[in-house]
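Chains A and B, in that order, give the protein sequences.
Going by my numbering, the first sequence wraps up at 1686, each residue one higher than the last.
Going by my numbering, the second sequence wraps up at 164, each residue one higher than the last.
Glycine included, each C-beta is placed from N, C-alpha and C at the ideal position.
Model, not experiment: these values are computed from the prediction.
First up is the structure itself, then whatever we jot down about it.
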Amino acid sequence: MVVDSVWAWVEVRFKLSREEDVRPLLKKPVPRHATNPIYCLGGISFLSFLLLVGSGILLARYYVPTPEKAYDTVRFIMLEVPMGSLIRSIHHWSANIMVAAIVLHMLRVFFTGSYKNPRELNWIIGMLLLFTTLVAGFSGYLLPWDQLSFWATTVGLQIPAVIPVIGPAMLKVFIGGGEVTGETLSRFYFLHIFMMPSTLVTLMGLHFLIVRRQGISGPL
Amino acid sequence: MKEEKRVTGEPFFPHQVLREAFAGTLLVASIVLLASFLPAPLLGKADPFITPSPIFPEWYFMAMFGFLKFWVWDIGPLSGKILGVLLPGIAIGFLFLLPFLDRSPERHPLRRPLVTAFILLLVFLAVYFAYFAIKITLEHAKVGG
Ligand code: HEM
């Protein structure tokens, strides 16, 4: 079979199925208490993220982040592109479910006391993951450039504006002034498709490495 | 530390992977169903001169939005507006530092009632202020026509 010869080619070069490497990876025991469904919420957040990346890449094929074109390209995606409406709606729902799953995951970690020594750092990384996800959601909300996204962003930006000194300075850097303009749109687009996803990938990598290294917390 | 005793269980592969595949399939199926029957909305094109009403932020910002509308009182030199951001900021700061503030090795939520009460209070306040945000936004929308 072709598959066998491809596998053999890879195997000779990378020794992927070496017993002592594979055993700890695949046969690592999962403690009985951790098979409770509340322990899969972290995995659900991660899978939602993968769906977001997949559908987001497809959306980016058509979307143009300028005040003149943004709305029309989203309309085009909804009405003309084959399955465009489905793809955009999958992106929409995955985003909402990701935030919900993260919040529930956090509550699980809280109620099982899993943030305590030695897992303090992973709690902090988790908090950063939460905030990065929220910024990704906020920046994404503006992109369709419809009445809702424009005005919800205008209202939302009043929050950082209140913070003395750094608030207005932050707005200048990240938004390009105090008002929502094309400048805001292009900065949010950059945040949304580059800064936040790459930050999330980095933080998730650390998060998972630490979980693997320390093992899941014991039963209550 | 008593929690570090080694627990035996089923191997990650295939037992746990199968369970996760099951949960993952459920998730994807739910998202595709939701996306098919409740597509993402798209209103009219943004118009900086026409403020629609009511406007809602995403649901996960609703509590923050509600608190800003709720807190109108100045305290000393701090204006109500600043406190509207500062007070939730302090609560979030506590959450960030939780592992360093709550250092007892006790893990069961009922055996650390103070911390558990703090989290339950936060959850309750978040739900309440989200409700408050929706209520007040809808009232304003009615008055404003
Ligand atoms: C993008 C968001 C996140 C992803 C993808 C994620 C993923 C995961 C996964 C897969 C696990 C393994 C156990 C489980 O699934 O329950 C885990 C554990 C953990 N997570 Fe997260 N997480 C995220 C956000 C958070 C947040 C917001 C917090 C808390 C503030 C957090 C704190 C922790 C801690 C402390 C553990 C270790 C738990 C234990 O050993 O029992 N994570 N995370």
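Query                                                                                                                                                                                                             : Result
Report the neighbours of B/Met83 on chain A: residues whose CB is nearer than 8 Å to its CB, in chain order.                                                                                                      : Ile1625
Quick one, are the C-beta atoms of A/His1673 and A/Leu1595 less than 8 Å apart?                                                                                                                                   : yes
Please decide whether A/Trp1473 counts as near chain B, where near means a Cβ-Cβ distance under 8 Å.                                                                                                              : no
Identify whether B/Lys154 lies in helix, strand or coil by the three-state DSSP scheme.                                                                                                                           : helix
Whole angstroms are fine: how far does the CA of B/Phe151 sit from the CA of B/Glu22?                                                                                                                             : In this predicted model, B/Glu22 has a pLDDT of only 47, less than 50, meaning its place in the structure is not dependable enough to derive any value.
Mind listing the chain A neighbours of B/Gly63? Cutoff is C-beta to C-beta under 7 Å, in chain order.                                                                                                             : Asp1612, Gln1613
I want to know whether the segment 1479–1488 of chain A touches the segment 1568–1579 of chain A - three or more CB-CB distances under 8 Å.                                                                       : no
Between the beta-carbon of A/Gly1603 and the beta-carbon of A/Ala1561, is there less than 8 Å?                                                                                                                    : yes
Start and end of the beta strand (DSSP E) containing A/Glu1645?                                                                                                                                                   : Run containing A/Glu1645: none; DSSP gives neither H nor E here.
Can you give me the C-alpha to C-alpha distance between B/Met20 and A/Pro1495, rounded to a whole angstrom?                                                                                                       : Because the pLDDT at B/Met20 is just 44, under 50, the model does not fix this residue reliably, and the point stays unresolved.
For the segment 1534–1543 of chain A against the segment 1602–1619 of chain A, do three or more pairs of beta-carbon atoms, one drawn from each stretch, fall closer than 8 Å, so that the two count as touching? : yes
Please find out if some non-hydrogen atom of ligand 1 comes closer than 7 Å to the beta-carbon of A/His1571.                                                                                                      : yes
Given that a residue counts as buried once 16 or more other Cβ atoms are within 10 Å of its Cβ, and exposed if not, what is B/Gly85?                                                                              : buried
Taking 7 Å as the line, does the beta carbon of A/Asn1588 fall inside it for any heavy atom of ligand 1?                                                                                                          : yes
Let me see if you follow: with CB-CB separation under 8 Å, is B/Lys88 close to chain A or not?                                                                                                                    : no
How about B/His34: is its C-beta nearer than 8 Å to some C-beta of chain A?                                                                                                                                       : yes
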